[in-house]
Amino acid sequence: MIEVEKRRIDDDCRGRPPSLLCARMIVPAGFPTLRPRRLRQTPALRRLVAETRLSAEQLVLPLFVRPGSKVRRPVAAMPGVFQVSPDELIKEATRACTWNVPAVLLFGIPHRKDARASGAYAQSGIVQQAVRLLKKELPDLLVITDVCLCEYMDHGHCGVVRRDKKTARILNDPTLKLLAQTALSHAEAGADIVAPSDMMDGRVRAIRERLDKNGFVDTPIMSYAAKFASAFYGPFREAAESAPQFGDRRSYQMDPANASEALREVMLDLQEGADIVMIKPALAYLDLIYRVKAEFGYPTAAYAVSGEYSMMKAASAKGWLDERAVMLESLLAMRRAGADILITYAATDVARWLKEG
Ligand SMILES: [Zn+2]
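Just add 3 to the spot in the sequence shown (first one is 1) and you have this note's numbering.
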């Protein structure tokens, strides 16, 4: 009987973190011998037995760069977030570095948009300029670039569009070439990691091949592997000026109802050569962060999106929530679920809070 029970526990625990396994196997007795509160008595004791930790080294700060100089345009729905010109970008990135945030994720807002997203892969494009400048001024900072077309397309979609009188279709395969070209131009400018966010099928392979052919075999790809068509992106569209002019993104981004499909998306991106996989949004998708990390064991990133940030900022501004406490708790939850990398608009503040204790 004991053997059967042990086997059942072993089966149950296969592939899960060891902490779960132990909790059920070695319990000697119940209360009053066991008192979980013993380990919660002092801050030092609680820290000693904490299973999950937050550290500045896990943070990535998204930044929005636009042409010009001395530009610092606030994003209304995201207090503390700005569209900045390259000179101001350096200031933001320097501030992040001061608090030990190791990486930024760049989004570009071009001068001009068109139907081929030419600003996305132009050598003199805004992201390419920003990457060169960042790598010159702050060589140790990891520069990750968002690879997509929506900010550069006049229609605001992430791919090439074919329209007839009644319908508009986002074309998959013709988009791949432009995405690969964009990723290559970022790598040539000096990007440390490229991060495709478009959700076209086969983009990771297309980008990997293009990078490899041009000598960038060591440039990692962080794929937005399971990116959901989420209402939590609302404030971002203003920040990146990338709202679609017609239709929505549900023919390429994922249905929030689907978890098994998310695992398949992650599997495909890994097969195509993704080095890091991302779940986006984060807080409403903790189940997927957990499953992706448990299933594949690859470096896993969680993107705490604009809506998550704005909700906490807004409620805190009203005095309804403690901003610092909820931000830290939500990031800790992402770590607990299995995220290795946390992408958050609050990265600099969080890093400062962590240092201040
Ligand atoms: Zn896009």
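We put the CB at the ideal spot given by N, CA and C, even for glycine.
Here the structure is a predicted model, which means the values were calculated and not measured.
Closer than 6 Å to some heavy atom of ligand 1: that does not describe the Cβ of Asp204. DSSP places Ser245 in no beta strand (DSSP E); its state is neither H nor E.
Our two residues, Ala340 and Gln61, have alpha carbons roughly 14 Å apart in a direct line.
Minimum Cα-Cα distance from Ile344 among the listed residues Arg49, Leu324, Pro39, Pro65 corresponds to Pro65. In this structure, Glu154 sits near Gly111, with a CB-CB distance shorter than 7 Å.
Checking the DSSP bridge columns, you'll see Lys283 partnered with Lys230. Inside the stretch 108–135, DSSP marks whole alpha helix (DSSP H) runs of 4 or more residues at positions 121–124, from first to last along the chain.
Counting only runs of at least 4 residues, the stretch 68–112 fully encloses the following alpha helix (DSSP H) elements, listed from N- to C-terminal order: 89–101.
The closest heavy atom of ligand 1 lies 6 Å or more from the beta carbon of Asp157. The alpha-carbon separation between Thr303 and Leu291 amounts to approximately 11 Å. Looking only at Phe249, Gly162, Asp195, the smallest Cα-Cα distance to Lys169 is reached by Phe249. Here the C-alpha atom of Ser313 lies approximately 7 Å from the C-alpha atom of Pro238. Of all alpha-carbon atoms in Gly122, Arg294, Pro247, Glu212, the one lying nearest the alpha-carbon of Gln274 is that of Glu212. In the DSSP assignment, the residues bridged to Arg166 are Ala171. Taking the Cα of Ala350 as reference, the smallest distance to any Cα among Thr101, Arg43, Pro113 is reached at Thr101.
Around the beta carbon of Lys216, fewer than 16 other beta carbons sit within 10 angstroms, so the residue counts as exposed. Taking 6 Å as the cut-off, one finds at least one heavy atom of ligand 1 near enough to the beta carbon of Asp201. Taken from the Cβ of Cys100, every heavy atom of ligand 1 lies 6 Å or farther away. Straight-line measurement puts the Cα of Arg43 at about 16 Å from the Cα of Phe34. In this structure, the straight-line span from the alpha carbon of Gln131 to that of Tyr227 is close to 20 Å.
Ranked by Cα distance from Ile129, the first of Met81, Ala234, Asp90 is Asp90. Straight-line spacing of the CA atoms in Ala125 and Glu191 works out to 11 Å.
In the structure shown, Met225 adopts extended strand secondary structure according to DSSP, grouped into three states. Straight-line measurement puts the Cα of Glu54 at about 24 Å from the Cα of Lys283. When Cβ pairs closer than 8 Å are counted between the two stretches, the stretch 222–236 is seen not to touch the stretch 158–166, the count staying below three.
Among the bridge pairs identified by DSSP, Tyr306 is matched with Ile346.
By the Cβ neighbour-count rule, Arg69 is buried, with 16 or more other Cβ atoms within 10 Å of its own. Under the 8 Å Cβ criterion, the stretch 318–331 does not count as touching the stretch 251–270, having fewer than three qualifying pairs. Only residues of its own chain outside the window of five on either side were considered, and among them Glu311, Ser333 have a CB closer than 6 Å to the CB of Leu286, listed in chain order. Between the C-alpha atoms of Arg135 and Thr45 there is a straight-line separation of about 48 Å. For Thr178, the uninterrupted alpha helix (DSSP H) run begins and ends at 176–192, by DSSP. In terms of CA proximity to Lys230, Leu289 leads the group Ile196, Ala133, Leu289. Listed in chain order, the non-local C-beta contacts of Glu95 below 7 Å within the same chain comprise Leu66, Val87, local neighbours out to five positions each way being set aside.
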